[in-house]
Structure formats: C-alpha cells, structure tokens
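Structure first, commentary second.
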Amino acid sequence: MNNAVAVYPGSFDPLTVGHEDIVRRSLGVVDRLIVAVAETATQAKSGLFEIEERVDLIREVFADEPRIEATSFSGLLVDFARSRQARIIVRGLRAVSDFEYEFQMALMNRSLWPEVEVLFMAPSTRHTFLSSSLVREVGRLGGDVTDFVSPVVKARMDRAFGRDA
Ligand code: PNS
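Under our numbering, the letters of the sequence shown match residues 2 to 166, in that order.
Here's what the structure looks like:
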C-alpha cells in the first residue's frame, strides 16, 4: 500500500497489552496508524480515566514509534477518519462474541462512508480473554494487572485506585 493511513478507534480505558498487540500488528500492514480515543462510545461504560489521560498513556506507551499518533475525537468515527484521509479502520476481533457488534459497526460505518474499509485483526492467542472492562474491574478490586497492561498504565491505575507505592 502507498502511504496507507489507518485509524484504530476505541475507548482504550485503559490501553491493554491486547490493544498494543493489535497496534504493532497493524504497523505491519499500514504506514501510519492513528490511535483515536472516542469521546462517544457506542456501548456505555463506567469509565476509569479521562479521555486526555487515555491519550497521554497511549502516547507514552508508543513513544518509541514515530508512525503512531495518539489523539481523541468527538462525533462520528467516519467523519474523523475522513478528515484525516484515513480510509482504513482497524479493529481487533478476539472471539466470535465480538463479531456481531463489530460487523454491525463496520457495515454502518461503510454505509456512512462507502470508501472506508474495516480491517479486522486477530490478536495473539495470549490476549483473547483480555478486555479493558475486566482489567478495570480486576484493578479496582485489588487484583494484579501487571500482565495485562504496560508498566506506565499500571502505575497510573495504582494511583487512580489510591495504591501508590
Ligand atoms: O473500544 P470500544 O468501546 O469497543 O470502541 C467503540 C468505538 C469507539 C469504536 C465506537 O463506539 C465508535 O466508533 N464511536 C464513535 C461514534 C460513532 O461513530 N458511532 C457510530 C459507530 S457505527
């Protein structure tokens, strides 16, 4: 592909090692990736971090990778993608249970912007059970999330839960 730009949208609350895996895999097929935190998520969730904190964490985790940009967006994903001339939307597919929601969103997005393509990436099998909502809950209840998030994310979670060292 010639200077292919993709958007990887999500809530990223918080970014997990599963997301990191999808980001690094995506860089094998696109030239630049915009990791975009949505201000409006389709499925309502009780949040942990503010949008800007999530963006900061993504920036910190991928500080060594110039092909990645982290940002947030409001409004429709397709409008944001079009404004950035990114015709590819990346989403991770962990299991069949993700499929219905993802397929619905993909077709809705394509009916809103026919030129867009949705690229589904399979994560490493080690990460198929991971979700931000479970990581949030485990962290909130005092479980060890070391294996599920980067050290910078873990440190910020510890602070958010009042467990600073
Ligand atoms: O990580 P998530 O919460 O599964 O990501 C869902 C997300 C952010 C990709 C989706 O909710 C989204 O695209 N929100 C932006 C608003 C929008 O375009 N809604 C219509 C989607 S078809």
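Idealized CB from N, CA, C, for every residue including glycine.
All values reported here derive from a predicted model rather than from experimental measurement.
- For the options Asp159, Ile23, Arg25, Asp14, the alpha carbon positioned closest to that of Gly140 is the one of Asp159.
- Linking Ser132 to Ser73 through their CA atoms gives a straight-line distance of about 20 Å.
- By a beta-carbon distance limit of 8 Å, Ile23 does not contact Glu40. Their separation comes to about 21 Å.
- Assigned with DSSP and collapsed to three states, Pro10 falls in strand.
- For Ala87, the shortest separation between its Cβ and any heavy atom of the ligand PNS does not lie below 7 Å.
- Between the alpha carbons of Ile89 and Met109 lies a distance of about 14 Å.
- Of the residues assessed, Tyr9 falls on the buried side of the cut-off, its CB having 16 or more other CB atoms within 10 angstroms.
- According to the DSSP assignment, Gly19 belongs to the alpha helix (DSSP H) that extends over 18-27.
- Between Leu113 and Val79 a beta carbon distance of about 5 Å is seen, short of the 8 Å cut, so the two are scored as contacting.
- When the beta-carbon positions are compared, Lys46 and Ser98 stay at least 8 Å from each other.
- Uninterrupted alpha helix (DSSP H) stretches at least 4 residues long and entirely within the stretch 27-106 occur at 52-62, 78-84, given in chain order.
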